[in-house]
Amino acid sequence: MTMVNRKLIKDLLNESACSHNKTKKASCDKPKPGATSGGCAFEGAQISLFPYADAVHLVHGPDTCLGASWETRATLTSYEGENNTPLGYCTNVSTQDIIFGGDKKLSDALSYIVEHKKPKAIFVYETCVTAMIGDNIDFTCKTAEELFHIPIVPVHAPGFVGSKNLGSRLAGEAVLDALVGTREPEEIHPFGINLIGDYNVTGDMWQYKPLLERIGIKVVSSLSGDGRIEQIQTAHTAKLNVIVCAKSLVTLCRKMQERYNIPYVSVSFYGKRDTSNAIRSIVNAFGDAELIAKAETIIAEEEAKLETRLKLYHPMLKGKKAILNTGGNKSWSIASALQDIGIEVVATCVQKATEEDVAIASEYVPILFKAPGVDQPRLIDEHKVDILLAGGRSLYTAIKKRIAFVDVNQEKKVSYGAYGGLENLAIDVCAALSNPVFKLVGKQAPWDAA
Amino acid sequence: MSFINPKEMKTTTMKPLHVNPLKLSQPMGATLAFLGIKNCMPLMHGAQGCASFTKVLFTRHFNDPIAIQTTAVNDITAVIDGGDKGISEAVENITKKVTPDLVGLFTTGMTETKGDDIKGATLLLKEKQKMVYVHTPDFEGGLESGWSLSIQNIITQLIEPTTHVRKDKVLFVPNVNFSPIEVEKLKEALELLDLEVYALPDLSDSLDGHLGVKQGALSSGGISVSDIEKLGDAGAVITIGRSVKKCGELFYEKFPQSTHLHFDSLMGLEASDEFYAKLFEFLECKSVPSVVKRWRARLQDVLLDTHFTLGKAKILIADEPDSAYAISKALKEAGGSCEAYIAQRSEVQEAFTCKVSIGDLEEVEKALPAMDLLITNYHGERLAHKHHKELLIRGFPNYEQVGIGLRHNILYEGSCAFLCEVTNLLVHH
């Protein structure tokens, strides 16, 4: 396994910019056999880079890695060429390749892609099998890059090196090494930013990007929602990195600060308060009085418009109690969004949150819990909760307790981001609260009723 | 290392990659097979992602919780151990929380590459946990073979030896493309003939979408392990689909007092007729249930009603081999002209009466403009939309529709529903 860079992985797991690493490394522990259900490093790398629609994403491995995972995330793009994000490219490594090595197949696949698809770049994802058989992916990519004159970027995040989170970091490293700083832009904008860690799922990024542009901020590049290869190549000319809801790419931002002197801020665009605060964090980082004033005008305008639109839902939402069970930063960001629409958030689950997230969550929500299986039903009864917002797995808890349910994980079809998304959240919560189905299906059969 | 001349590529049909793969992997087929056994924990021996991807795909497909665990092989254990440590640790962690009647242990590409001894690991744990092991590298075969290999290993490892035989007891082995309700419908069809029926595996009450009492950490329904162990006295083993034919042969080899009845398909008039003919012959049955007669007459009527439209239709099918074969055969009975792409090599490709290729959805897309209707999985939606073709979603995954577990397309009744559905889509177009 020549390609696994143990030193880099160790460094990424010990990221000094992560607050929990001052005490312990709990959130970056190895997965436990028989007691884990999360995605692997390969999945994390895929999630982080797939939104580059103008690049082909070639998975060098056998079937399971890609066969089961392509076209699953609604990461939207405005790219006008063929959108490669939902497409699946896989070298489909076979027994023959395991014995003789998969380098030849990889180079043939790269030729095929360049000829037929004419992408702006190709990302080559190493997987467990091709890492184990020792394919020289770096060499094959480098040779192809020289021949075809487009960036061909190896991504060394085979599943066995760790979790989804680590894979995102490794993908960030690959982009930093191979793409950032390889092209100079025509002009350098005084208020240029990079958006880091928003993958534009259900168009989240489009809820706030136009606002930033109206204020006078230019989005130089994105990693990677609605992203373009040519833009990320110029990322080193931005004046500020904005991490959106993604702790995993903090290493990338720290390194860009060291390498290119670009500072970074971490923000969330869920809910009214957080969106306004996010905009303020960005303009304050530039410290330009005119920009700050413009931002305040637009925040005031947008908040007022949103309040008018939300009035419609207030009678139904007022005084309703909710419990939240979701991962990472969403443990507090969705909570704050719910509070913004008048809902009392009784408790939030911090099982998958980092220490930093737990600290923030405690400022928003009175009760934090860690064992949803036990705590969720109990808290619903104790506090007479009206609605549960969680991933699909908690649906049964809601049905058994005969309370409303909203899926706030990947299954959601609309964006809950920024001011516009908050209205979507209000609509979905109202629809759930008024739907009779949760009470109806929880009813006993006539022959079981006492 | 050499780069091929792209100009030469055009003349070869063997692409060096899959673009928009149609194929799903062997470990995924194994997962489904073990989910058809009651209180079972499918345990995938590989990195955590393989199990996670599989879980997400089936959860979204069936809209039901999917029980699965992983041995979570990491960069250290990937190199140094023979797999037994990770496997025993996994079993230990699983049994801390739940008590499975069976752990179905199967491999992935990585653990096959390192050559782990899963048989040895299973034997070491024999006293602690009942297990079945299966080799399912994902660089060979596909969904159908992963399903079939698991059943073969359940037959050899779990069914107890016996010489006793009960002619009124049958074992029925569906192929992976059977929807849960189709398993139940076939069981009912056999029960109507006074048979005691066991399906191996049995997804009919585990992934049919019924609202159970709890959201299980283990598979919720299915055939029980004790019923499997006592299957040896079944008078007949019925296999449906070429991918599971070997399961029947293996059963017959182990229990030669039984009879093996094999059918390549159960869709359409001819296949259903053949099914009943062979079955009645085996049972020496004289009286045919009236409900069977009525549905046969209805299918005859449906064939006539649908042939006006289907007779002129050009249909492209892309699915697992057994499913594509069954669909093409049924459509052909009403005069439809079909072309099929299959996900993996299979013996059934010899039986196809239409043009059949092993391909990916990039090739399907190239053939699509000349066709009227596309029958394939969820990934076909984008293609059908782009080329303004009607789409019937079949196969794995189907993220778009609900009620997947309740879709019934076999025997006379199911064939009626299928032909009407296809015809209505075409007329609508």
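Protein chains in written order, with my numbering: chain A, 451 to 900; chain B, 22 to 450.
All C-beta atoms, glycine included, are put in the ideal place defined by N, C-alpha and C.
Inset, instruction - Give the secondary structure of A:E637 by DSSP, where H, G and I count as helix, E and B as strand, and everything else as coil. - result: As a working note, residue 637 of chain A is residue 187 in the first sequence. A:E637: coil per DSSP, three-state reduction.
Inset, instruction - Note down, in chain order, each residue of its chain lying with its Cβ closer than 7 Å to the Cβ of B:E113, except the 5 sequence neighbours on either side. - result: Taking the second sequence and counting its residues from 1, the one referred to as residue 113 of chain B is at position 92. Only residues of its own chain outside the window of five on either side were considered, and among them none has a CB closer than 7 Å to the CB of B:E113.
Legend entry - Candidates B:E384, B:Y420, B:F417: closest to B:L404 by CA position: Numbered from its first residue, the second sequence carries residue 404 of chain B at position 383. Of B:E384, B:Y420, B:F417, the residue nearest in Cα terms is B:E384.
Legend entry - Through-space distance from A:L702 to A:C591, alpha-carbon basis: Indexing the first sequence from 1 puts residue 591 of chain A at position 141. Indexing the first sequence from 1 puts residue 702 of chain A at position 252. Rounded to the nearest angstrom, the gap between the Cα atoms of A:C591 and A:L702 is 22 Å.
Legend entry - is_contact[A:W897, chain B] using C-beta, thresh 8 Å: For the purposes of this step, residue 897 of chain A is taken as the residue at position 447 of the first sequence. For A:W897, no Cβ of chain B is located within less than 8 Å of the residue's own Cβ.
Legend entry - Whole-Å CB distance - B:I172 paired with B:V265, under 8 Å assumed: Taking the second sequence and counting its residues from 1, one reaches residue 172 of chain B at position 151. Taking the second sequence and counting its residues from 1, one reaches residue 265 of chain B at position 244. In this structure, B:I172 and B:V265 form a Cβ contact; the two beta carbons are roughly 6 Å apart against a cut-off of 8 Å.
Inset, instruction - For the segment 503-530 of chain A, enumerate the residues whose C-beta is nearer than 8 Å to any C-beta of chain B, in chain order. - result: The residues in question are L508, G511, P512, D513, T514, C515, L516, G517, A518, S519, W520, E521, T522.
Legend entry - Environment of B:Q47 [buried if 16+ CB atoms lie within 10 Å]: Numbered from its first residue, the second sequence carries residue 47 of chain B at position 26. The residue is buried, with at least 16 neighbouring Cβ atoms inside 10 Å.
Inset, instruction - Look at the alpha carbon of A:L829 and the alpha carbon of A:I877, and state the distance between them as a whole number of angstroms. - result: Position 379 of the first sequence, counted from the start, is the residue given in the question as residue 829 of chain A. Position 427 of the first sequence, counted from the start, is the residue given in the question as residue 877 of chain A. A:L829 and A:I877: Cα-Cα distance of roughly 25 Å.
Legend entry - Runs of beta strand (DSSP E) lying entirely within the segment 266-323 of chain B, each at least 3 residues, in chain order: Within the segment 266-323 of chain B, the complete beta strand (DSSP E) segments at least 3 residues long are 280-284, listed from N- to C-terminus.
Legend entry - Proximity to A:L597 [Cα-Cα], best of A:R664, A:V692, A:A571, A:I793: The sequence position of residue 597 of chain A within the first sequence is 147, counting from 1. If we check each option's Cα against that of A:L597, A:A571 comes out closest.
Inset, instruction - Measure the beta-carbon distance from B:L38 to A:C540 and round it to whole angstroms, keeping in mind my assumption that it falls under 8 Å. - result: Stepping through the second sequence from its first residue, residue 38 of chain B is reached at position 17. Stepping through the first sequence from its first residue, residue 540 of chain A is reached at position 90. Right, the Cβ-Cβ distance comes to about 6 Å (below 8 Å), so this counts as a contact.
Inset, instruction - Compare the C-beta of A:C578 with all C-beta atoms of chain B and state if any pair is closer than 8 Å. - result: Numbered from 1 along the first sequence, position 128 holds the residue referred to as residue 578 of chain A. It does: the Cβ of A:C578 has a partner Cβ on chain B nearer than 8 Å.
Inset, instruction - May I ask you to report which of helix, strand or coil DSSP gives A:Q681? - result: Translated into positions along the first sequence, residue 681 of chain A becomes position 231. Residue state, collapsed to three classes: helix.
Legend entry - Interface residues of the segment 290-321 of chain B facing chain A [CB-CB below 9 Å]: Within the segment 290-321 of chain B, no residue qualifies.
Legend entry - Top-ranked residue by Cα proximity to A:F641, from A:I732, A:P635, A:T776, A:R619: As a first step, residue 641 of chain A must be located in the first sequence, where it is residue number 191. Looking at the Cα atoms, A:I732 is the closest of the given residues.
Legend entry - Secondary structure of B:G451, DSSP reduced to three states: There is simply no residue 451 of chain B to check, as chain B begins at 22 and stops at 450 in what is shown.
Legend entry - Length of the line joining the Cα atoms of A:H764 and B:Q69: Here residue 764 of chain A is taken as the residue at index 314 of the first sequence, counted from 1. Here residue 69 of chain B is taken as the residue at index 48 of the second sequence, counted from 1. The straight-line gap from Cα to Cα measures roughly 44 Å.
Inset, instruction - Examine chain B for any beta-carbon lying closer than 8 Å to the beta-carbon of A:N859, and answer yes or no. - result: Position 409 of the first sequence holds residue 859 of chain A. Not one beta carbon of chain B lies nearer than 8 Å to the beta carbon of A:N859.
Inset, instruction - Taking all protein chains shown into account, decide if B:K333 is buried (16 or more other Cβ within 10 angstroms of its Cβ) or exposed. - result: The residue you call residue 333 of chain B lines up with position 312 of the second sequence. Answer is exposed; the Cβ neighbour count stays below 16.
Legend entry - Three or more C-beta pairs below 8 Å linking the segment 128-145 of chain B and the segment 80-99 of chain B: Result yes; three or more Cβ-Cβ pairs closer than 8 Å.
Legend entry - B:Y154 (DSSP reduced to helix, strand or coil): Here the question's residue 154 of chain B lines up with position 133 in the second sequence. In the three-state reduction of the DSSP assignment, B:Y154 falls in the strand class.
Inset, instruction - Could you tell me how far apart the beta carbons of A:L760 and A:I791 are, in whole angstroms, since I believe they sit closer than 8 Å? - result: Along the first sequence, read from residue 1 onward, the residue named residue 760 of chain A stands at position 310. Along the first sequence, read from residue 1 onward, the residue named residue 791 of chain A stands at position 341. The beta-carbon separation of A:L760 and A:I791, rounded to 6 Å, stays under the 8 Å limit for a contact.
Legend entry - CB contact flag (B:L126, B:I115, <8 Å): Your numbering for residue 126 of chain B matches position 105 in the second sequence. Your numbering for residue 115 of chain B matches position 94 in the second sequence. Cβ atoms of B:L126 and B:I115: not closer than 8 Å.
Inset, instruction - Could you check if A:L556 is buried or exposed, using at least 16 other CB atoms within 10 Å of its CB as the buried criterion? - result: Locating residue 556 of chain A in the first sequence gives position 106, where the first residue counts as 1. Classification for A:L556: buried.
Legend entry - Contact list for the segment 533-550 of chain A against chain B, Cβ threshold 8 Å: If you check each beta-carbon in the segment 533-550 of chain A against every beta-carbon of chain B, the ones closer than 8 Å belong to P536, L537, G538, Y539, C540, T541, N542, V543, S544, T545, D547, I548.
Inset, instruction - Report the three-state DSSP secondary structure of A:P896 (helix, strand or coil). - result: Taking the first residue of the first sequence as 1, we reach residue 896 of chain A at position 446. Here DSSP, grouped into helix, strand and coil, assigns A:P896 to coil.
Inset, instruction - Can you pull the chain A residues whose beta carbon is under 9 Å from the beta carbon of B:M49, in chain order? - result: Along the second sequence, read from residue 1 onward, the residue named residue 49 of chain B stands at position 28. Chain A residues near B:M49: D513, T514, G517, A518.
Inset, instruction - Using a Cβ-Cβ cut-off of 8 Å, state whether B:C61 counts as contacting chain A. - result: Locating residue 61 of chain B in the second sequence gives position 40, counting from the first residue. It does not; no Cβ of chain A falls within 8 Å.
Legend entry - Residue span of the beta strand (DSSP E) that contains A:A696, given as start and end: For the purposes of this step, residue 696 of chain A is taken as the residue at position 246 of the first sequence. Looking at the DSSP string, A:A696 is not in any beta strand (DSSP E), and its letter there is neither H nor E.
Inset, instruction - Would you identify the three-state DSSP class for A:T452, choosing helix, strand or coil? - result: Along the first sequence, one-based indexing puts residue 452 of chain A at 2. Because the pLDDT at A:T452 is just 47, under 50, the model does not fix this residue reliably, and the value given afterwards should be weighed accordingly. In the three-state reduction of the DSSP assignment, A:T452 falls in the coil class.
Legend entry - Cα-Cα separation, A:N615 to A:A491: Within the first sequence, residue 615 of chain A is the residue found at index 165, counting from 1. Within the first sequence, residue 491 of chain A is the residue found at index 41, counting from 1. C-alpha separation (whole angstroms): 7 Å.
Inset, instruction - Report buried or exposed for B:R317, applying the criterion of at least 16 other Cβ atoms within 10 angstroms of its Cβ. - result: As a first step, residue 317 of chain B must be located in the second sequence, where it is residue number 296. A buried status is given to B:R317, since no fewer than 16 other beta-carbon atoms sit within 10 Å of its beta-carbon.
Legend entry - For A:F609, three-class secondary structure by DSSP: Your numbering for residue 609 of chain A matches position 159 in the first sequence. Note that residue 609 of chain A is Gly in the sequence shown here, rather than Phe. Judged by DSSP in its simplified three-state form, A:G609 adopts helix.
Inset, instruction - Taking 8 Å as the threshold, find out whether the segment 270-284 of chain B comes into contact with the segment 153-163 of chain B through three or more Cβ pairs. - result: The segment 270-284 of chain B is not in contact with the segment 153-163 of chain B.
Inset, instruction - Would you identify the three-state DSSP class for B:T33, choosing helix, strand or coil? - result: Looking up residue 33 of chain B in the second sequence gives position 12. The predicted model places B:T33 with a pLDDT of 41, which falls under 50 and marks its position as unreliable; any figure quoted below should be read in that light. In this structure, B:T33 counts as coil in the three-state DSSP scheme.
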